[in-house]
Amino acid sequence: MSRQYETVIGLEVHIELATRTKIFCGCSTAFGGAPNSHTCPVCTGMPGSLPVLNRRVVEHAVAVGLATNCRITQYCKFDRKNYFYPDNPQNYQISQLYLPICRDGWIEIGTAAGRRVVGIHEIHMEEDAGKLIHDEWEDCTLVDFNRSGVPLIEVVSEPDMRSAEEVIAFLEKLRLIVQYLGASDCKLQEGSMRADVNLSVREMGSGTFGTRTEMKNLNSFKAVTRAIEGERRRQIELLEEGRPVIQETRRWDDNKEYSYAMRSKEDARDYRYFPDPDLPPVVIDDAWIEAIRARQPELHEAKLARYQAEFGLPAYDAGILTSDKRLADLFEATTALCGRPKRVSNWLMVETMRLLREHERGADQLDFSPENLAKLIGLQERGVVNGTVAKRIFEIIFTEDIDPEAYVREHGLETVGDEGAIRRAVEAVMGANPQSVADYHGGKKKAMGFLVGQAMRAMGGRADPGAVNRIVRQMLEGDASGDLG
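Just so you know, we're using our numbering here: the sequence shown kicks off at 1 and counts up by one.
So this is what it looks like as structure tokens:
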């Protein structure tokens with residue numbers, strides 16, 4: 001009988017904080033600037049330059065710590081992590097080893113396997129390194145220091161996860177917490193959230209950890225899942241063949257779905273940590289912590305419960321609307337303007353999601369205003385436009401954020417309620433489609449739907465659908481005088 005194995009996983013999650021300036025200097029943190037344009041002597045490691053701590057970094061770190069049930073280290077320090085690499089201009093990284101700002105927290109996650117509490121060993125502040133750019137045409141490597149000195153927090157979990165599903169649940173929960181706090185946008189594609197996976201396997205029932213490896217270069221949740229499954233298989237194959245697993249750092253190639261060794265795994269002593277002599281200790285008193293706590297916004301789980309209780313939304317709808325902070329903000333702002341939470345939910349859940357898929361965009365990229373969506377809902381409720389026209393207008397709101405009231409006036413899109421005009425259009429449609437009329441009288445009631453659709457098309461989609469349905473039925477049944485609707 002083959003041996004059964006258990007996977008043991010811990011994470012190191014690097015999150016770039018949403019500050020305007022870097023952690024120890026005044027350079028911009030904006031993404032996408034020209035190479036080496038957001039730099040100064042401090043973040044390029046010039047001799048004699050001195051770091052000055054950005055207060056906002058501390059506040060973001062404390063806010064995340066409070067939201068993840070951590071104990072705040074009220075007297076914490078920065079340390080130098082020494083290593084030599086081309087994208088590390090000082091030849092050391094300012095980080096926190098001995099007294100990290102947050103410790104001993106936890107996040108509860110849920111998967112198909114049930115609920116699990118994942119411990120957070122620590123959260124520490126540090127600076128990001130630069131970025132190496134490999135130019136295949138010139139056969140050289142260039143360095144961009146724009147990212148050097150961008151503030152990070154590193155969230156280090158306990159090895160409490162046992163599957164890729166649990167890892168993704170943890171990352172999604174952490175991302176929502178940080179996004180709702182406004183501490184980071186957590187865009188994996190831009191590198192503002194990056195996860196390193198520490199993984200080992202052991203025989204089921206064993207109380208001893210196996211030898212772990214660390215996998216880097218994971219820039220999507222799908223890559224994290226594939227990397228976990230691939231490394232699990234690799235380690236089990238080694239053990240089944242009687243070969244040892246080597247503790248090392250491995251780089252995941254998502255195209256080849258394979259990891260390869262980068263370097264043997266370093267321990268803390270290999271980095272020769274020592275306290276940073278240029279930065280004083282950070283003292284966080286009770287009043288500062290309470291001020292940060294008082295500013296904490298409503299987080300995802302509380303918002304999810306409130307949407308169901310206050311607005312009467314189904315759990316599924318509330319889950320979608322709260323899955324991205326931008327979507328939740330848009331829902332609440334629009335609802336506050338029009339007072340129609342279910343209609344707002346329907347527009348966001350159906351048409352907005354459809355257009356996001358078609359345009360290959362994320363909910364965080366929604367940029368139309370709640371005012372214009374609220375106006376469109378009002379136009380439809382008052383019968384100024386019908387559902388078909390409203391959907392056409394919304395497509396323009398989605399891309400251009402136009403004022404729907406002005407657009408309707410300028411393009412003459414008001415609903416046509418003139419029954420005489422509708423009746424003439426229906427007569428023309430029935431005259432042009434005698435077979436459909438015959439089909440209806442022959443018992444094929446679906447033929448009426450075809451005729452209604454043709455009549456709506458003949459009127460440019462602007463007719464009152466209820467009036468069209470009623471008049472088509474009247475004329476098919478030979479009673480043009482009574483209201484059979």
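C-beta atoms are modelled at their ideal positions from N, C-alpha and C, and glycine is treated no differently.
Pairwise C-alpha distance: residue j and residue i
| i | j | result |
| --- | --- | --- |
| residue 409 | residue 336 | 25 Å |
| residue 263 | residue 148 | 23 Å |
| residue 54 | residue 11 | 26 Å |
| residue 28 | residue 190 | 16 Å |
| residue 475 | residue 352 | 38 Å |
| residue 308 | residue 414 | 35 Å |
| residue 325 | residue 383 | 32 Å |
| residue 391 | residue 398 | 10 Å |
| residue 13 | residue 272 | 22 Å |
| residue 317 | residue 210 | 42 Å |
| residue 488 | residue 367 | A query on residue 488 cannot be resolved here, the shown segment of the chain reaching from 1 to 485 and no further. |
| residue 126 | residue 400 | 40 Å |
| residue 242 | residue 90 | 43 Å |
| residue 481 | residue 465 | Because residue 481 carries a pLDDT of 40, less than 50, the predicted location of this residue cannot be relied on, and the following value inherits that uncertainty. Each residue's alpha carbon lies about 19 Å from the other. |
| residue 112 | residue 444 | 46 Å |
| residue 473 | residue 222 | 53 Å |
| residue 86 | residue 17 | 23 Å |
| residue 345 | residue 247 | 50 Å |
| residue 141 | residue 130 | 13 Å |
| residue 60 | residue 179 | 11 Å |
| residue 56 | residue 291 | 13 Å |
| residue 94 | residue 276 | 7 Å |
| residue 220 | residue 456 | 46 Å |
| residue 109 | residue 160 | 11 Å |
| residue 274 | residue 92 | 11 Å |
| residue 261 | residue 310 | 53 Å |
| residue 359 | residue 369 | 18 Å |
| residue 32 | residue 134 | 17 Å |
| residue 487 | residue 287 | This structure cannot settle anything about residue 487, because the visible part of the chain is limited to 1 through 485. |
Presumed contact (8 Å Cβ cut-off) between residue i and residue j, rounded CB distance
| i | j | result |
| --- | --- | --- |
| residue 171 | residue 224 | 7 Å |
| residue 303 | residue 328 | 6 Å |
| residue 63 | residue 183 | 6 Å |
| residue 123 | residue 155 | 5 Å |
| residue 218 | residue 197 | 7 Å |
| residue 405 | residue 375 | 5 Å |
| residue 103 | residue 71 | 5 Å |
| residue 423 | residue 471 | 6 Å |
| residue 254 | residue 234 | That belief does not hold up - the Cβ atoms of residue 254 and residue 234 are roughly 15 Å apart, past 8 Å. |
| residue 74 | residue 284 | 5 Å |
First and last residue of the uninterrupted alpha helix (DSSP H) at residue i
| i | result |
| --- | --- |
| residue 301 | 300-311 |
| residue 18 | Counting along the chain, residue 18 falls outside any alpha helix (DSSP H), and DSSP gives it neither H nor E. |
| residue 410 | 404-411 |
| residue 329 | 325-338 |
| residue 458 | 447-458 |
| residue 441 | 434-441 |
| residue 261 | Note, residue 261: premise wrong, no alpha helix (DSSP H); beta strand (DSSP E) at 258-264. |
| residue 94 | No alpha helix (DSSP H) contains residue 94, which is instead part of the beta strand (DSSP E) from 92-95. |
| residue 285 | From DSSP, residue 285 is part of no alpha helix (DSSP H); its letter is neither H nor E. |
Cβ-Cβ distance between residue i and residue j below 9 Å
| i | j | result |
| --- | --- | --- |
| residue 355 | residue 331 | no |
| residue 252 | residue 193 | no |
| residue 163 | residue 107 | no |
| residue 282 | residue 24 | no |
| residue 323 | residue 176 | yes |
| residue 436 | residue 428 | no |
| residue 454 | residue 433 | yes |
| residue 293 | residue 132 | no |
| residue 81 | residue 364 | no |
| residue 237 | residue 250 | no |
| residue 386 | residue 461 | yes |
| residue 120 | residue 69 | yes |
| residue 213 | residue 199 | yes |
| residue 42 | residue 50 | yes |
| residue 5 | residue 239 | yes |
| residue 313 | residue 280 | no |
| residue 153 | residue 15 | yes |
| residue 381 | residue 357 | no |
CB contact check: residue i to chain C, cutoff 9 Å
| i | result |
| --- | --- |
| residue 158 | No chain C is part of this structure, which consists of one protein chain only. |
Limits of the unbroken beta strand (DSSP E) element including residue i
| i | result |
| --- | --- |
| residue 121 | 114-127 |
| residue 85 | Unbroken run through residue 85: none, as it is neither H nor E. |
| residue 144 | 140-144 |
Could you tell me whether the stretch 132-146 touches the stretch 35-49, where touching means 3 or more Cβ pairs closer than 8 Å?
yes
With a threshold of 8 Å, are at least 3 pairs of Cβ atoms found where one atom belongs to the stretch 293-303 and the other to the stretch 96-103?
no
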